[in-house]
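Colleague: From first to last, the protein sequence lines are chains A and B.
So the first sequence is residues 548 to 791, counted in my numbering.
So the second sequence is residues 4 to 426, counted in my numbering.
Here's a structure for you.
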Amino acid sequence: MSDPIIKIQNMNKWFGDFQVLKNINLEVEANKKIVVCGPSGSGKSTLIRCINRLEEHQEGDIIVDGNELSEKTKDIEKIRAEVGMVFQQFNLFPHLSILDNCTLAPIWVKKMPKKEAQELALDQLKKVQIDDQANKFPGQLSGGQQQRCAIARALCMQPKIMLFDEPTSALDPEMIKEVLDAMVSLAKGGMTMIVVTHEMGFAKEVADEVIFMDEGMIIEKADTKEFFANPKSDRTKLFLSQIL
Amino acid sequence: MQTIKFLKPSRDNIKNYSIIGSFLVLVSLIDVISNAFLKINLTSFLPGSLTTLFPLIIGLIGLNMMRIDYSGNKTLDLLNKNINTNNFNALLTLLILFSIIKALPQSLSWMILDATISGDSKDACTGTGACWTYIKVWFRRFMYGMYPNEFHWRINTAFILVIALGFVGYFMKDNLKKYLALYYVIIYPVIAYLVIYYLISGGSFGLQWVETGAWGGLSLTFIVSFFCLIFCFPLGMIFALGRRSNLPAIKYISICYIEFWRGVPLITVLFMSSVMFPMFLPEDFFMDKLVRVIIAITLFEAAYCAEVIRGGLQSLPRGQYDAAKSLGMGYWKMHIFVILPQALKLVIPGIANTFLALVKDTPLIFVVGLAELAGMLALAKTNPKWLGFAMEGYIFASIIFWIICYAMSKYSYNLEAKYKTER
Numbered sequence: 548m549s550d551p552i553i554k555i556q557n558m559n560k561w562f563g564d565f566q567v568l569k570n571i572n573l574e575v576e577a578n579k580k581i582v583v584c585g586p587s588g589s590g591k592s593t594l595i596r597c598i599n600r601l602e603e604h605q606e607g608d609i610i611v612d613g614n615e616l617s618e619k620t621k622d623i624e625k626i627r628a629e630v631g632m633v634f635q636q637f638n639l640f641p642h643l644s645i646l647d648n649c650t651l652a653p654i655w656v657k658k659m660p661k662k663e664a665q666e667l668a669l670d671q672l673k674k675v676q677i678d679d680q681a682n683k684f685p686g687q688l689s690g691g692q693q694q695r696c697a698i699a700r701a702l703c704m705q706p707k708i709m710l711f712d713e714p715t716s717a718l719d720p721e722m723i724k725e726v727l728d729a730m731v732s733l734a735k736g737g738m739t740m741i742v743v744t745h746e747m748g749f750a751k752e753v754a755d756e757v758i759f760m761d762e763g764m765i766i767e768k769a770d771t772k773e774f775f776a777n778p779k780s781d782r783t784k785l786f787l788s789q790i791l
Numbered sequence: 004m005q006t007i008k009f010l011k012p013s014r015d016n017i018k019n020y021s022i023i024g025s026f027l028v029l030v031s032l033i034d035v036i037s038n039a040f041l042k043i044n045l046t047s048f049l050p051g052s053l054t055t056l057f058p059l060i061i062g063l064i065g066l067n068m069m070r071i072d073y074s075g076n077k078t079l080d081l082l083n084k085n086i087n088t089n090n091f092n093a094l095l096t097l098l099i100l101f102s103i104i105k106a107l108p109q110s111l112s113w114m115i116l117d118a119t120i121s122g123d124s125k126d127a128c129t130g131t132g133a134c135w136t137y138i139k140v141w142f143r144r145f146m147y148g149m150y151p152n153e154f155h156w157r158i159n160t161a162f163i164l165v166i167a168l169g170f171v172g173y174f175m176k177d178n179l180k181k182y183l184a185l186y187y188v189i190i191y192p193v194i195a196y197l198v199i200y201y202l203i204s205g206g207s208f209g210l211q212w213v214e215t216g217a218w219g220g221l222s223l224t225f226i227v228s229f230f231c232l233i234f235c236f237p238l239g240m241i242f243a244l245g246r247r248s249n250l251p252a253i254k255y256i257s258i259c260y261i262e263f264w265r266g267v268p269l270i271t272v273l274f275m276s277s278v279m280f281p282m283f284l285p286e287d288f289f290m291d292k293l294v295r296v297i298i299a300i301t302l303f304e305a306a307y308c309a310e311v312i313r314g315g316l317q318s319l320p321r322g323q324y325d326a327a328k329s330l331g332m333g334y335w336k337m338h339i340f341v342i343l344p345q346a347l348k349l350v351i352p353g354i355a356n357t358f359l360a361l362v363k364d365t366p367l368i369f370v371v372g373l374a375e376l377a378g379m380l381a382l383a384k385t386n387p388k389w390l391g392f393a394m395e396g397y398i399f400a401s402i403i404f405w406i407i408c409y410a411m412s413k414y415s416y417n418l419e420a421k422y423k424t425e426r
């Protein structure tokens, strides 16, 4: 068994006086797909934002692909380049075309030649089926298309890990499926994924493990089948009874 | 009830009402116009105060009758929607219209009909109107200050060169476009400085040296505004970023800088730059007064620019920063490619505002003895041969400043439209 690609040990995080994350321990092996669920305000988003250090943790260790994240980490950009992230609000760059959104980081962060970056971007856009929109601007696309573009943009950096922060929560019900389809095919391709979502159908289909969080703590962590068939804690049972 | 109905149109008699209404408004306008231009009082048969109020009353009744909702007539609807929504607005419309008409004959006769433009001395101006001869005679002084007449071509050539160099960006090839910012922020100002130094100051290439004390008029306004605008923007950007920095030293230096310059009046800064500043310099070190003034205004306006740009930076959603960071961009890459292009777009109106204020602040350099356009006016009006023509001079200067500022604000609207993106 190889070393876990993400290793979180005794991690605590506060926002001012308020402790958002309490004693988090988590190990994710390469190519595993983890779904994180839980009620809002339970710290799911904060947890995955800590993994690429968009949020700083105060105690404990986070080790991503052998690099420890702390104030001393020099090349945080290098680590972030290996961890792709997809946001709830898409966060595409509105002043750039879809293609430029995808090529910006490869060209300037990875120093990829422009032509190569464009080919790669078109390739990734094709995988999420919006290569025909490449020259449009984000404002001209539907929410579902924008989110798929955001996935393609993250993939253009050829990351080892993909983080999804409620990627379908800001979408119309009709568009959720197209985004989930893109994520499912990505999962089948063997990407390491941590997905914060309320889409339990998606969790059942692709997740290797499901983590249930509440009040900043990991309440339950179990294999997907086990999690849905036989939840251990009462809090999980209550949550599942409400959401399913 | 009957009277109100008499004045209120119904849908059946729209046509009659609109015709009678517009006729009444026309009568009131004719009355005022004939009164103002021809000095004929058409309503002299009416008693005293009623004569003056007559056009107002008739006009109000007329507008009231014309106030028909959805008349189907485009012009009438537009009129009703914009200036004739209710009786109070109708009254205001009429009053403004009448005041303009009343004021027109006097101003017209003063500015054009009775004005003098012939001749080349004060004696030509005998009429009651404006003396444009004064502007004509002093025109070169207003444009070039005390700069020797035979060298005016040097200023003109320098300006044409600088403007031409400014357009280089438009014709740049695509593969050079990435150096555009570098060109405008560093190379262009240096070239412009050299052009102005060698052509206008002279002293080499067989051109006679003309010291900056002799520069003046509109050309000086342009020179000062040009250098201040071109330098204060990048400087402001640096301090705006500095103020939002996570590094305490940079952050507090930026805050101190901005709050210091925003806290002192420009006129004090100018005095300091010309009187106090040389005292701190070593004796053999000389810096031209004009350069000191330009530096002073630049530092001053940069603080305002910084705050405007900071406003733009703050209005961007945090998600943009998150997305840029998550793609592995560092501070500079994130700002250059993602944050600044969006923020600067948002602050175009604010920056235009600051720049307009800057151009209109340049006359203040008169207090340190540099006479740009408004300064030349102040000198000219105290010339014993030409006493008493301050009015013409200030009108002339206002028109020129207005043209400059209007052109700038128009340009900023164009930029805004050009860089508009949907969110």
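Positions of the beta carbon are idealized from the N, C-alpha and C atoms, including for glycine.
1. Identify every run of the alpha helix (DSSP H) within the stretch 218-247 of chain B, keeping only runs that are complete inside it and at least 4 residues long; order them along the chain.
2. How about the stretch 68-83 of chain B and the stretch 42-60 of chain B: do they share at least three Cβ pairs that are nearer than 8 Å?
3. How many angstroms separate the CA atom of A/E615 from the CA atom of A/H604?
4. Below 8 Å, how does it come out for the stretch 760-778 of chain A and the stretch 587-594 of chain A: are there three or more Cβ pairs, yes or no?
5. Rank A/P551, A/D550, A/G607 and A/F775 by C-alpha distance to the C-alpha of A/K569 and give the top, closest one.
6. Closer than 7 Å between beta carbons: that is the criterion. Which residues of the stretch 313-347 of chain B meet it against chain A?
7. In chain B, what lies closer than 9 Å to A/H642 by C-beta?
8. If you draw a straight line from the C-alpha of B/T55 to the C-alpha of B/W113, how long is it?
9. Is DSSP giving B/C408 helix, strand or coil here?
10. Chain B beta carbons: is any one of them nearer than 8 Å to that of A/F711?
11. On the criterion of 16 or more Cβ atoms from any shown chain inside 10 Å, does B/I29 qualify as buried, or is it exposed?
12. State the Cα-Cα distance for the pair B/I115 and B/Y324, rounded to the nearest angstrom.
13. Thinking C-beta only, is B/L319 closer than 8 Å to B/I435?
14. So A/I609 and A/M558 are supposed to be a Cβ contact under 8 Å. How far apart are they, rounded?
15. Using a Cβ-Cβ cut-off of 7 Å (strictly less than) and excluding sequence neighbours within five positions of A/Q680, which residues of its own chain qualify?
16. For A/P720, count the other beta carbons within 10 Å of its own beta carbon; 16 or more makes it buried, fewer makes it exposed. Which is it?
17. I'd like to know whether the C-beta atoms of A/G686 and A/P641 end up nearer to each other than 8 Å.
18. Name the DSSP beta bridge partners of A/D712, please?
19. Taking the C-alpha atoms as reference points, what is the distance between A/M740 and A/K772?
20. What span of residues does the alpha helix (DSSP H) with B/C134 cover, start to end?
21. What's the C-alpha gap between A/Q676 and A/C703?
22. For the alpha helix (DSSP H) that contains A/G631, what are its first and last residues?
23. A/Q636 versus chain B: which residues are under 7 Å apart at the beta carbon?
24. Can you list, in chain order, the residues of its chain with a C-beta nearer than 6 Å to that of B/D465? Leave out the 5 residues immediately preceding and following it.
25. Within 10 angstroms of its Cβ, does B/Y137 collect 16 or more other Cβ (buried), or is it exposed?
26. Can you find a CB in chain B that lies within less than 8 Å of the CB of A/E618?
27. Distance, Cα to Cα, B/W212 vs B/Y201?
28. Going by DSSP, what residues sit across from A/M558 in a beta bridge?
29. Assign B/D34 to buried or exposed, taking buried as 16 or more other Cβ atoms, counted over all protein chains shown, within 10 Å of its Cβ.
30. Can you give, in chain order, each stretch of the alpha helix (DSSP H) that sits fully within the stretch 318-404 of chain B and has at least 4 residues?
Modeller: This is what the structure holds:
1. 220-246
2. no
3. Mapped onto the first sequence, residue 615 of chain A falls at position 68. Mapped onto the first sequence, residue 604 of chain A falls at position 57. Each residue's Cα considered, the two are about 12 Å apart.
4. yes
5. Numbered from its first residue, the first sequence carries residue 569 of chain A at position 22. Answer by Cα proximity: A/G607.
6. G322, Q323, D325, A326, K328, S329, L330, G331, M332, G333, K336, F340, V341, P344 and Q345
7. Numbered from 1 along the first sequence, position 95 holds the residue referred to as residue 642 of chain A. In chain order: V341, P344, Q345, K348, Y422 and T424.
8. In the second sequence, residue 55 of chain B corresponds to position 52, counting from 1. In the second sequence, residue 113 of chain B corresponds to position 110, counting from 1. When rounded, the distance between both Cα atoms is 25 Å.
9. Position 405 of the second sequence, counted from the first residue, corresponds to residue 408 of chain B. In the structure shown, B/C408 sits in a helix (DSSP, three-state: H, G or I).
10. For this step, residue 711 of chain A is matched to residue 164 along the first sequence. No, its Cβ sits nowhere closer than 8 Å to a Cβ of chain B.
11. Here residue 29 of chain B refers to the residue found at position 26 when the second sequence is read from its first residue. According to the sequence as given, residue 29 of chain B is Leu; it is not Ile. Residue environment analysis places B/L29 among the exposed positions, since fewer than 16 neighbouring C-beta atoms fall within 10 angstroms of its C-beta.
12. One-based indexing of the second sequence puts residue 115 of chain B at position 112. One-based indexing of the second sequence puts residue 324 of chain B at position 321. Whole-angstrom Cα-Cα distance: 60 Å.
13. Only positions 4 to 426 of chain B appear in the structure, and residue 435 of chain B is not among them; the question remains open.
14. Locating residue 609 of chain A in the first sequence gives position 62, counting from the first residue. Locating residue 558 of chain A in the first sequence gives position 11, counting from the first residue. Between A/M558 and A/I609 the Cβ distance is about 6 Å, and since that is below 8 Å, they are a contact.
15. As a first step, residue 680 of chain A must be located in the first sequence, where it is residue number 133. These residues qualify, in order along the chain: I645, L688 and Q692.
16. Here the question's residue 720 of chain A lines up with position 173 in the first sequence. Label assigned to A/P720: exposed.
17. Looking up residue 686 of chain A in the first sequence gives position 139. Looking up residue 641 of chain A in the first sequence gives position 94. Yes; because the gap between Cβ atoms is below 8 Å, this pair is in contact.
18. Numbered from 1 along the first sequence, position 165 holds the residue referred to as residue 712 of chain A. DSSP, once it has assigned bridges, lists A/V743 as partnering A/D712.
19. Indexing the first sequence from 1 puts residue 740 of chain A at position 193. Indexing the first sequence from 1 puts residue 772 of chain A at position 225. Answer to the nearest angstrom: the Cα atoms are 18 Å apart.
20. Here residue 134 of chain B refers to the residue found at position 131 of the second sequence. No alpha helix (DSSP H) contains B/C134, which DSSP labels as neither H nor E.
21. To locate residue 676 of chain A, count along the first sequence from 1; it is residue 129. To locate residue 703 of chain A, count along the first sequence from 1; it is residue 156. Roughly 15 Å between the two C-alpha positions.
22. The residue given as residue 631 of chain A occupies position 84 in the first sequence. A/G631 -> not in any alpha helix (DSSP H); beta strand (DSSP E) instead, spanning V630 to V633.
23. The residue given as residue 636 of chain A occupies position 89 in the first sequence. Correct list: G322.
24. Here chain B has residues from 4 to 426 only, and residue 465 of chain B is not among them.
25. Locating residue 137 of chain B in the second sequence gives position 134, counting from the first residue. B/Y137 should be labelled buried.
26. Taking the first residue of the first sequence as 1, we reach residue 618 of chain A at position 71. False, the Cβ-Cβ gap to chain B never drops below 8 Å.
27. Within the second sequence, numbered from 1, the residue matching residue 212 of chain B stands at position 209. Within the second sequence, numbered from 1, the residue matching residue 201 of chain B stands at position 198. Going from the Cα of B/W212 to the Cα of B/Y201 covers about 9 Å.
28. Start at 1 with the first residue of the first sequence, and residue 558 of chain A comes out as number 11. Per DSSP, A/I571.
29. Residue numbering aside, residue 34 of chain B sits at position 31 when the second sequence is read from its first letter. Classification for B/D34: buried.
30. 321-329, 343-349, 351-364 and 376-384
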